[in-house]
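Each protein sequence line maps, in turn, to chains A and B. For the first sequence, UniProt numbering gives the first residue as 1, with consecutive numbering after it. For the second sequence, UniProt numbering gives the first residue as 1, with consecutive numbering after it. Ideal placement from N, C-alpha and C gives every residue a C-beta, glycine not left out. The structure displayed is predicted, hence computed values, not measured ones.
2 protein chains.
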Amino acid sequence: MHSTLDKIKKQLTVKGFKLTPQREATVRVLLEHEDDHLSAEDVYILVKAKFPEIGLATVYRTLELLSELHVVEKINFGDGVARYDLRNESQEHHHHHLICLTCGSVEEIKEDWLLPLELRLEQEFQFKVLDHRLDFQGTCRECLSKAE
Amino acid sequence: MHSTLDKIKKQLTVKGFKLTPQREATVRVLLEHEDDHLSAEDVYILVKAKFPEIGLATVYRTLELLSELHVVEKINFGDGVARYDLRNESQEHHHHHLICLTCGSVEEIKEDWLLPLELRLEQEFQFKVLDHRLDFQGTCRECLSKAE
DNA sequence: GTAAATGCAAATTATTTGCATCTTA
DNA sequence: TAAGATGCAAATAATTTGCATTTAC
């Protein structure tokens, strides 16, 4: 009844965008891979498996649209590729990432640790925070234990 | 005697890299624009003004090298362009950015606000933090006052 | 029926690489 | 003088765009 897919569909129709099978297939792939950080190419390959006639440009356009609707978050870990994460409606802001420089794994932290800092920014800098992004680079648990 | 330029030169020679006029010119440009967030293209244009025979590829190679030496920090604000900031030896970690979504300005915060969080990460997640990155998106003081 | 969306191919943008030539240590 | 660095042009990679055709509303 009130699946995430339905909510996203509603967001599209409410804003006057059309509900095409390509868009639905793309959103389904994102939902099935919520915890991966998929690039446009990744999404394309996955959607193409179920919907072979889709074009890469459509995937780019869909991801861009979902990004504008704040359905996905477009992130860039520094390699030249944009990645797209489903945004959870429960999380007002971006989540944080723990990026392992040894094995490349990306772990997520879904708590928001930055609220006190945001208050301070608004007071000390008169900067109104709308969103933030916090990534840590380092060595993950697994790689630390291997290194011993 | 102990200018930043000299220190960077020393870092190059110590690691066995050659001190070419192209590299020096590039570092000088970075020093003269410490607070801008220059793209490789920006750096190229600025260096070319003083050293017209330099090639764009050399600028890319130099910035990459300086990045590996941790002399500059390669950052990506989400538009498709990498930017390069001189790293201050006083700041062990990246500094933070306040990115205004209205006028596009980027202000820097040089304090490190994340040490308590890093401690927590190492204890709760057994993740050894080597570096981090923190950007806030929002509305800057100037744009807030204009909007009133 | 019509505005919006698609697929394809070509264009664009940022960055990297091969290679012949030059330069620093 | 030899390893390393450069400049140029060509190659690559990611993303965007033009346009004729199709489709959702």
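C-beta atoms of residue i and residue j nearer than 9 angstroms
i         : j         : result
B:Arg-133 : A:Arg-120 : no
B:Gln-80  : A:Asp-131 : The question names Gln, but residue 80 of chain B in the sequence shown is Gly. The answer is no: Cβ separation not under 9 angstroms.
A:Ala-82  : A:Ser-39  : yes
B:Ile-99  : A:Gly-78  : no
A:Leu-46  : A:Leu-5   : no
A:Glu-111 : B:Phe-125 : no
A:Tyr-60  : A:Glu-73  : no
A:Trp-113 : B:Leu-19  : no
A:Phe-17  : A:Leu-86  : no
A:Leu-69  : A:Lys-9   : no
B:Lys-50  : B:Val-29  : yes
A:Asp-11  : A:Val-71  : Looking at the sequence itself, residue 11 of chain A is Gln, so the reference to Asp does not match. Yes, the Cβ-Cβ distance between A:Gln-11 and A:Val-71 is below 9 angstroms.
A:Cys-103 : A:Glu-142 : yes
Three-way DSSP call (helix, strand, coil) for residue i in this model
i         : result
B:Arg-87  : coil
A:Val-71  : coil
A:Val-43  : helix
B:Ile-109 : strand
A:Cys-100 : strand
Cβ-based burial, residue i [other Cβ within 10 Å; buried from 16]
i                      : result
B:Thr-26               : buried
B:Gly-55               : exposed
B:Thr-13               : exposed
A:Thr-62               : buried
A:Glu-34               : exposed
residue 206 of chain B : In the structure as shown, chain B begins at 1 and stops at 148. Residue 206 of chain B is therefore absent and cannot be evaluated.
A:Lys-128              : buried
A:His-97               : buried
Task: Those runs of the beta strand (DSSP E) which lie wholly inside the segment 113 to 139 of chain A and span at least 3 residues - done: Counting whole runs of 3 or more residues, the segment 113 to 139 of chain A contains the beta strand (DSSP E) stretches 128 to 139.
- [ ] Any chance you could list the beta strand (DSSP E) runs of at least 3 consecutive residues sitting entirely within the segment 2 to 61 of chain B, in chain order?
- [x] For the segment 2 to 61 of chain B, not a single whole beta strand (DSSP E) run of length 3 or above is found.
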